[in-house]
Amino acid sequence: MSVMLDEIKQDGKSILRTVESVRKSAGEAADALLGSDYVIITGSGTSYHAGLSLQISLLKEDVPAVLVKAPDFENYIPGKPEKKVAVVVMSQSGESADALNALNLSAVCGARVIGITNEENSSLAHKADISVLTSAGSETAIAATKSYVAQLTAVALIQGHLHGMDPMSYVTEIASWADNATSHTGEYEHLSRALKSRIVFLGNGYMFGTALEGALKFRETGNLLTEAYQIREYLHGPIQTLDADTSVMILRDAYDGYSPVISEMKKYTSSIITMGSAEMDTVKLPYDPGMFAPIRYSIPIQLLAYYKANSMGLNPDKPEKLTKVVK
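As numbered in my numbering, residues 38 to 364 make up the sequence shown, in order.
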């Protein structure tokens, strides 16, 4: 079995282990964030995508928050260091050069650092003021799968504290569903073969981070040309390049007003896949409140990316130009 596929099949266990490992630290992190005047969330790649969900939750709680890609972090440090600034540094390895640079710059300006990482003995875990340790276990494939789901789980527990709600029932149900979904993958293998060589991912709100993650997964593992946009944003220019050789994957939330957008896209391509809880959706998923949905939606996308790369004769475990940790 491919290493990547084996690690996707561990998504459910990663969720449950992470729930146990971050119970206390998630509350501490949420308290620190709510007590801040300004929050910067930073990471690269999949970590950045996971951070988008946290940013939305903070804004809903009236906490000013900005999401920054780690290589550009130095341009977003507040000019008034006397403010109570918190920085959330997200890195699965805890050793990414860009993440550690953000960590060091945060210390210089006196910000309180919350580190979210999968590596207990990493520099990020040791140096952060509050360390939120996920429990995905060792991940060998280059493309992040179970570690990304674990990151989203840690974020979901922090979000639960932010909003004064208990996320446990939602998260544990998703873990159980993941075990079943990753054991019956025929639907995803079949669908992956119908995907074109260029794929556009569309999603709004909490689902936009998942759209970005989907585009990255297919680009990493299948060498495909991919893009990601908010759903109606795609109509503001990017749709110009939509043609019959492009697939569009729409990650639908509870809002049901996307029919006009889909109708417009059907003028140019018949390859439109919707993912959501409606009967009409191509990939049907149980309904989740917005902030928990990225965990569930990410799993079918990982399976589709794996099977697409495999059908093209590629090795999704080791894309030749990528490394696990960017130093």
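Every residue gets a Cβ at the ideal spot worked out from N, C-alpha and C, and that includes glycine.
Every value quoted in this text rests on a predicted model; they were computed, and no experiment measured them.
Inset, instruction - State the start and end residues of the unbroken alpha helix (DSSP H) segment that holds glycine 147. - result: First-last for glycine 147: undefined, no H or E at that position.
Legend entry - DSSP bridge partner residues for valine 56 (one or two, in chain order): Per DSSP, valine 56 has no beta bridge partner at all.
Inset, instruction - Could you work out which residue in Asp166, Ala136 and Glu132 is closest to alanine 148 when comparing CA atoms only? - result: Asp166
Inset, instruction - Going by CA-CA distance only, name the one from Asn138, Val100 and Val56 that's closest to valine 122. - result: Val100
Legend entry - Backbone CA spacing between isoleucine 195 and leucine 341 [nearest angstrom]: 29 angstroms
Legend entry - Whole-angstrom distance between threonine 79 and aspartate 354, CA atom to CA atom: Between the C-alpha atoms of aspartate 354 and threonine 79 there is a straight-line separation of about 26 angstroms.
Legend entry - Exposed unless 16 or more other CB atoms sit within 10 angstroms - verdict on aspartate 325: When all chains shown are included, aspartate 325 counts as buried.
Legend entry - Length of the line joining the Cα atoms of valine 298 and threonine 83: 27 angstroms
Legend entry - Under the three-state DSSP convention, the category serine 284 falls into: Correct three-state label for serine 284: strand.
Legend entry - Buried or exposed (CB count within 10 angstroms, at least 16 for buried), lysine 183: buried
Legend entry - arginine 235 versus alanine 69 - alpha carbon distance: 42 angstroms
Inset, instruction - Kindly identify the DSSP beta-bridge partner or partners of leucine 228. - result: Leucine 228 is not bridged to any residue.
Legend entry - Per DSSP, cross-strand counterpart(s) of methionine 127: Ile153
Inset, instruction - Measure from the alpha carbon of lysine 345 to the alpha carbon of each residue in Phe110, Val103 and Gly223, then state which is nearest. - result: Gly223
Legend entry - Distance, serine 229 Cα to aspartate 48 Cα: 20 angstroms
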